[in-house]
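Have a look at the structure below before the remarks.
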Amino acid sequence: MGPPGRVLFAGTVSGETQLTAAPDVDQLLRGSVQVFSRAGLAEKAAGNRPLRVKYGVDPTSPDLHLGHTVPLNALRAFQEAGHTAVLIIGDYTARVGDPSGRSETRPPLSAESVAAHAQTYLQQVFKVLDEKRTEVRWNAEWLTPLFANTDPDPGRRLLGLMARHTVQQLTEREDFQKRLASKTPISLLELLYPLMQGYDSVAVKADVEIGGTDQLFNLLMGREIQKDFGQSVQVVITFPLLEGTDGVRKMSKSYGNAISLNDTPEDMFGKILSLSDEMMWKYYHLLTREDVAALKAGHPLDVKKKLGEIVVTRFHGGEAARAARTGFERVFSNRETPAEIDDHVLSKSPLRLSEILVESKLAPSKNEARRLIQQKAVDLAGERVAQDREVTVHSPLLLKVGKRQFRRLMPPAL
RNA sequence: GCACAGGUGGCAGAGCGGUCAAAUGCACCAGACUGUAAAUCUGGCGGGCCUCGCCCUACGUAGGUUCGAAUCCUACCCUGUGCACCA
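Heads up: the first sequence begins at 11 in my numbering, then just goes up one per residue.
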């Protein structure tokens, strides 16, 4: 990502301008990194009609995570100011694969998995957005006809679009430059991606489009393409990318560092507690409206637990959040057993401990189960078991693997 | 199309006829430690078994050479690079 105001396309981007803006514009820009342009936004906001604020997600994985909620919160702020959120489900573009920030081509997704992911996205997104002020659009609606040759006027749209943009323009972005330099393949489809996303803006007549800072190129392309189609250009606003639990890379399911909105309250709370203290402040800043300066006076552990509660409360409610907190304190701080433990009814008894671990899904294979036993990770009824052996179960027995996996073993059904 | 280089475990990346279930790093799991599921250190990390040893499946795909192949040969598939005009 370049510095704010960097000119990406000579002569086409105004950069951030320093005009005095109406106070409500500042509200809308809370937490943003770049705006193209502030003056444009002030002008549109003064227009006395609800603005159409576009945000697109490609359903490439089944979950939304905390990182997605940063721009979603901004969308929500627009809604609260009376504007309309236009949520684009990129069911078409998901199959193309956004190259933004990528060092290689995405694996192709089937139409079925895209559709399934889209459904779970929609279930999760209204935990943040106001459904009544949201217009949901699927971009296959206009991209399929555009590319399927059923367009009544392909010369004007598809061919025109491709004729007006150049390879140089499309490959100027840093991720492509890197791939070019490292001789990593770039598919034509990926090259076209920004054109598609830009065309989405034309199709929904976006006044504003928001996205992560990694989206800057695509977002600005939307302005170019709206211009091609004689529309007034959208205001582009970018928001910071939230790092994942590793504190290094941006939050992403595929990096395994994501906190999903679908995570259980316990998981969500635990993952937040595992953040470094430094990352905790960033989370506070991007996900809450708390006064960070005041919080810095507190004990880091207390402040982190508070963050956990705030976040879990938002997605699971206050009661679940309190339960997650006490559960965490119980299991990790006091090393007690959690309040709720899954039962596992043994298939037979006596049975080898390694087999029990596998059938109760505490270990994926018997080899792994044996390793866990050897590594002193297995605790049966409060006792370390260091060697695989037969276990007879007459009454419920507590089985623990590692620090946080518990099962209550039940005797086999008669 | 021709030539050259390359396709190895979740990823990156060694190996280039036996000692390779495959170095190393990351990720992941466990143990110790800790306010923490952080950091650090230690161990582990394909599957199976009567586990200090044996068996099965794996190094793009399919065959072949060999007592023995991730390593050599052939064909095919895929990727990258160069050539392609003047000749």
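Using N, Cα and C, we set each Cβ at its ideal position, and we do this for glycine too.
On a predicted model such as this, the values are computed, not experimentally measured, just so you know.
Beta-carbon gap between residue i and residue j smaller than 9 Å
i	j	result
residue 338	residue 137	no
residue 355	residue 420	yes
residue 357	residue 417	no
residue 200	residue 106	yes
residue 330	residue 336	no
residue 275	residue 334	yes
residue 272	residue 130	yes
residue 269	residue 127	no
residue 38	residue 87	yes
residue 258	residue 293	no
residue 41	residue 382	no
residue 408	residue 347	yes
residue 149	residue 203	no
residue 208	residue 234	yes
residue 311	residue 77	no
residue 503	residue 283	Nothing about residue 503 can be read from this structure; the chain reaches only from 11 to 424.
residue 169	residue 205	no
residue 68	residue 36	no
residue 185	residue 110	yes
residue 403	residue 374	no
residue 156	residue 147	no
residue 362	residue 398	yes
Buried or exposed by the 16-neighbour rule on C-beta atoms within 10 Å, applied to residue i
i	result
residue 287	exposed
residue 266	exposed
residue 384	exposed
residue 226	buried
residue 142	exposed
residue 31	Its pLDDT being 43, under 50, residue 31 is placed unreliably by the model, and nothing is read from it.
residue 135	buried
residue 121	exposed
residue 401	buried
residue 80	buried
residue 279	buried
residue 223	buried
residue 308	exposed
residue 379	buried
residue 344	exposed
residue 177	exposed
residue 319	buried
residue 236	buried
residue 21	Confidence at residue 21 is low in this model, with a pLDDT of 32, below 50, so the placement of that residue is unreliable and no value is reported for it.
residue 303	exposed
residue 85	buried
residue 342	exposed
residue 89	buried
residue 58	exposed
residue 405	exposed
residue 52	buried
residue 188	exposed
residue 145	exposed
Beta-ladder partner(s) of residue i, from DSSP
i	result
residue 260	253
residue 394	389
residue 65	97
residue 354	419
residue 270	75
residue 247	45, 220
residue 410	389, 416
residue 401	361
| query | Should the segment 409–424 be called in touch with the segment 383–394, which here means at least 3 C-beta pairs below 8 Å? | reply | yes
| field | Any 3 or more C-beta pairs closer than 8 Å across the segment 251–266 and the segment 183–197 | value | no
| Counting Cβ pairs closer than 8 Å, one from the segment 62–73 and one from the segment 94–106, do we hit at least three? | yes
| Whole alpha helix (DSSP H) runs in the segment 94–152 with 4 or more residues, listed along the chain? | 121–135
| said: With three or more C-beta pairs closer than 8 Å as the rule, is the segment 39–57 touching the segment 240–251? | reply: yes
| What are the complete alpha helix (DSSP H) segments, minimum 4 residues, inside the segment 293–346? | The qualifying runs are 302–305, 310–326, 328–338.
| query | Does the segment 198–217 come within contact of the segment 122–141, defined as at least 3 CB pairs closer than 8 Å? | reply | Contact annotation: the segment 198–217 does not touch the segment 122–141, with fewer than three C-beta pairs closer than 8 Å.
| task | With a floor of 4 residues, list each alpha helix (DSSP H) that falls wholly inside the segment 157–245, ordered by position along the chain. | result | 168–174, 177–181, 184–191, 198–214, 226–238
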